[in-house]
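Notes for the one structure printed next.
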Amino acid sequence: MGRAVTVATCALNQWALDFEGNLQRIVRSIAVARSKGARYRLGPELEICGYGCSDHYYESDTLLHSFQVLEKLLESPATQDIICDVGMPVLHRNVRYNCRVIFLNKKILLIRPKIALANAGNYRELRWFTPWSKARHVEEYFLPRIIQEVTGQETVPFGDAVLATKDTCLGAEMCEELWTPNSPHIDMGLDGVEIFTNSSGSHHVLRKAHTRVDLVNSATAKNGGIYILANQKGCDGDRLYYDGCAMISMNGETVAQGSQFSLDDVEVLVATLDLEDVRSYRAEISSRNLAASKVNPYPRVKVNFALSCPDDVAVPTCVPIQWRYHSPEEEISLGPACWLWDYLRRSKQAGFLLPLSGGIDSSATACIVYSMCHQVCLAVKNGNADVLADARRIVHDESYTPEDPREFCKRVFTTCYMASENSSQDTCNRAKLLAEQIGSYHINLNIDVAVKAVVGIFSTVTGRTPRFSVYGGSSRESLALQNVQARIRMVLAYLFAQLTLWARGMPGGLLVLGSANVDESLRGYLTKYDCSSADINPIGGISKTDLKNFIQYCIENFQLTALRSIMSAPPTAELEPLVDGQVAQTDEADMGMTYAELSVYGKLRKIAKAGPYSMFCKLINMWKEICTPREVASKVKHFFRMYSVNRHKMTTLTPSYHAENYSPDDNRFDLRPFLYNTAWSWQFRCIDRQVNAL
0 MGRAVTVATC ALNQWALDFE GNLQRIVRSI AVARSKGARY RLGPELEICG YGCSDHYYES
60 DTLLHSFQVL EKLLESPATQ DIICDVGMPV LHRNVRYNCR VIFLNKKILL IRPKIALANA
120 GNYRELRWFT PWSKARHVEE YFLPRIIQEV TGQETVPFGD AVLATKDTCL GAEMCEELWT
180 PNSPHIDMGL DGVEIFTNSS GSHHVLRKAH TRVDLVNSAT AKNGGIYILA NQKGCDGDRL
240 YYDGCAMISM NGETVAQGSQ FSLDDVEVLV ATLDLEDVRS YRAEISSRNL AASKVNPYPR
300 VKVNFALSCP DDVAVPTCVP IQWRYHSPEE EISLGPACWL WDYLRRSKQA GFLLPLSGGI
360 DSSATACIVY SMCHQVCLAV KNGNADVLAD ARRIVHDESY TPEDPREFCK RVFTTCYMAS
420 ENSSQDTCNR AKLLAEQIGS YHINLNIDVA VKAVVGIFST VTGRTPRFSV YGGSSRESLA
480 LQNVQARIRM VLAYLFAQLT LWARGMPGGL LVLGSANVDE SLRGYLTKYD CSSADINPIG
540 GISKTDLKNF IQYCIENFQL TALRSIMSAP PTAELEPLVD GQVAQTDEAD MGMTYAELSV
600 YGKLRKIAKA GPYSMFCKLI NMWKEICTPR EVASKVKHFF RMYSVNRHKM TTLTPSYHAE
660 NYSPDDNRFD LRPFLYNTAW SWQFRCIDRQ VNAL
């Protein structure tokens, strides 16, 4: 009869415009799927060219090379006797679409354009693509000659249709379409589609995985069916980390789960499922069957092929499983670590350099690099030949095998404590001890000579010598002296990144890591062009609160006892003179707000879309037990003044791992002016009137 269908989905670490590598990974995934008995293989969104091509989508080269890769796929022996579903851009009647190209045995069955485009947050699909707006409509697509020569087809169906095989019916969704209120799977399911597929380019955000899993399971809970989701994984060239989580669900329950964080470039998930379980599940939902009797039917593309075998009664099928979620601390440990590894190997550099201050932020960044070293050693131990080859190339030793994370860390990670006369011995000792425990190559240096030289130039030119506030100087003088120290550290960081390995007789250069957290960036509590300016920043999208929890996780899981004293010390920039040898400057006193308050402000500003007045109205209720309305008004005004005064700093923010939905990243996620009227006169008057009324 043919009941048991075997299907495959995958998570691929594709790279924008890496057509050669992308082709190899697609072919590998198809070969693995076939070897496991799958008769259908689904890949991630735009997997042929890579999802993050951005304005390269405008180029005819991107379309040409995508079709050239498709030609290779059609001709490959690996793609025979399995329905292959791949993603690429397609130009139809001079309009560019984000498409699935579904083919079998050198014949294209259907080109299905995306109906709902992602255009919020980090996504800008409407900039490059047009959504297909003709529901249940199919047109003829004239194939390029290079494809015609392989398939023998002049035209193929293009549009909103489903595939009818000998034993079942399949319908495609694409990423955003699962998240829309009226997802295509609803009507497709009512029209008899039993297998839904979703090719995604979905990136990691802390605490987001459950939302994606719930959406997939709910897609078939009401309507029955099999749902297959594929996703991109890794860093494909920008701030996002695509977190895999390929999955297969049936009748509202997960039956197969892929990894969320992994150094495997190709991960294939295969499941065998009984179609009769779908049919019997649907049979008793009378409301669904009544709706199905009225549905407008989809065009069906008939496929002379079956996903099942005639005699499959004894074939074992998959059973529901419980999804295993990572804690936020595990996500911080794994996601940015995998992103750093992708960036390191693809940039062809020899490692990282981090200015390690002995504070929470730089220590958390160091721990993420240490976690990366753990992941590399674990992947090599598990037989990942790609990771081993990359590690050997990075350290320039073809016989090397990374086995000990501390030893590997010594080879690829340099930390540098840059002391000044305002630095305490405590932070110096903390940085040194942490470096010893993770194994990094550690440098201690003093920047006072450079600071005095720079200030001396100013004094020689102007005849004036600036002083810190504690010595009678103005706040402007004090701030300028703090900024000189911070900026000299940035200059030295890049000098040592370029020449440290050279001085040690080793080849290559180092990438400079930044360590400003998302809350400091939002408030602008950083010096423009200081050590927050770097090549990349793995914690730039993570809050101080989450970083503290991550530090505790590292104490418990990596046995990094040096972190205990770092956790207990108050955060400080150490840019002002010490008092009796002790730090007098603290971050929260400088900022005029706590890190916990900053997280609240950030979420209200970005996620709740609150301006000053709306934020005040929300906070007088949220904080009614701890603040009067007048105190709330004062806090809100202070935040918006500081945020708007410092917004210009976001235009030069180091590219950071995106992990929070309240990130102030100016590149494309949080688009705002950087020259504000910082008085906010109208908005603040509205707050004052409300305070007086209360």
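Under numbering that gives the first Met the number 0, the first residue of the sequence shown is numbered 0, with each subsequent residue one higher. Ideal Cβ positions, reconstructed from N, Cα and C, are used throughout, including at glycine.
Query: Please work out which residues of its chain come closer than 7 angstroms, Cβ to Cβ, to A255, disregarding the five sequence neighbours upstream and downstream, and give them in chain order.; Result: M246, I247, L268, A270 and C317
Query: Could you give the first and the last residue of the continuous alpha helix (DSSP H) run that contains L125?; Result: E124 to W127
Query: Output needed for H325: all residues of its chain with C-beta closer than 8 angstroms, excluding positions within five of it in sequence on either side, in chain order.; Result: A208, Q259, F260 and L333
Query: Okay, do the segment 232-242 and the segment 49-62 touch, 3+ Cβ pairs below 8 angstroms being the bar?; Result: yes
Query: Who are G233's beta bridge partners in DSSP?; Result: Y241
Query: Just how far apart, CA to CA, sit N676 and L73?; Result: 58 angstroms
Query: Compare the C-alpha of N381 against each of S362, E397, A365 and E402 and name the closest.; Result: E402
Query: Candidates N230, D242, T179 and N21: which alpha carbon is nearest A218's?; Result: T179
Query: Mind checking which residues open and close the alpha helix (DSSP H) that includes M505?; Result: Element bounds for M505: n/a, residue is neither H nor E.
Query: Of the residues W127, K623, L603 and E624, which one's Cα is nearest the Cα of M614?; Result: L603
Query: DSSP three-state call for N250: helix, strand or coil?; Result: coil
Query: Any contact of the segment 633-644 with the segment 678-689, i.e. 3+ C-beta pairs under 8 angstroms?; Result: yes
Query: Are C427 and A492 touching if we call contact CB-CB under 9 angstroms?; Result: no
Query: Once the 5 residues before and after K431 are set aside, which same chain residues still bring their CB inside 8 angstroms of it?; Result: Y416, H441 and N443
Query: Within this structure, are the beta carbons of A171 and V161 separated by less than 9 angstroms?; Result: yes
Query: Quick one: what does DSSP say K301 is sitting in, helix, strand or coil?; Result: strand
Query: Quick test of the definition: if touching needs 3 or more C-beta pairs under 8 angstroms, does the segment 495-513 touch the segment 334-352?; Result: yes
Query: Report the CB separation of S28 from V265 in whole angstroms; it is logged as a contact under 8 angstroms.; Result: 5 angstroms
Query: If you drop the 5 nearest sequence neighbours on each side, which residues of the same chain put their C-beta closer than 8 angstroms to that of E575?; Result: N421, F467, S468, V469, S477, Q481, A583 and Q584
Query: Which of helix, strand or coil does DSSP assign to L274?; Result: helix
Query: In this structure, does DSSP put S598 in helix, strand or coil?; Result: helix
Query: Can you have a look at V743 and say buried or exposed, based on whether 16 or more other CB atoms are within 10 angstroms of its CB?; Result: Within the shown structure, residues of the chain are numbered from 0 to 693, placing residue 743 beyond reach of any answer.
Query: Mark F668 as exposed unless 16 or more other C-beta atoms lie within 10 angstroms of its C-beta, in which case mark it buried.; Result: buried
Query: Using 8 angstroms as the threshold, is the segment 512-526 in touch with the segment 305-320, meaning 3 or more CB pairs across them?; Result: no
Query: Take the Cβ of T499 as the centre, count every other Cβ of all protein chains shown within 10 Å, and call the residue buried at 16 or more, exposed below.; Result: buried
Query: Taking the beta strand (DSSP E) that G170 belongs to, which residues open and close that run?; Result: C168 to M173
Query: If you draw a straight line from the C-alpha of P628 to the C-alpha of A692, how long is it?; Result: 10 angstroms
Query: Report the rounded CA-to-CA distance for A282 versus L343, giving the unit in angstroms.; Result: 53 angstroms
Query: Output the distance between the C-alpha atoms of T150 and T413, rounded to the nearest integer angstrom.; Result: 54 angstroms
Query: Below 8 angstroms, can you find three or more Cβ-Cβ pairs linking the segment 292-301 to the segment 124-132?; Result: no
Query: Counting along the chain, where does the alpha helix (DSSP H) carrying Y369 start and finish?; Result: I359 to K380
Query: Please tell me whether L339 and A658 are closer than 9 angstroms, where the distance is taken between their beta carbons.; Result: no
Query: Roughly how many whole angstroms lie between the Cα atoms of V554 and L670?; Result: Sequence inspection shows Ile at residue 554; the Val mentioned does not correspond to that position. If you take the alpha carbons of I554 and L670, they lie about 37 angstroms apart.
Query: Starting from the C-beta of T78, find all residues in its chain whose C-beta is less than 6 angstroms away, skip the five residues before and the five after it, and write them out in chain order.; Result: I29 and L72
Query: Decide if the segment 524-537 is in contact with the segment 649-657; the criterion is three or more beta carbon pairs, one per stretch, under 8 angstroms apart.; Result: yes
Query: For the pair the segment 108-123 and the segment 56-67, tell me if three or more CB-CB distances fall below 8 angstroms.; Result: no
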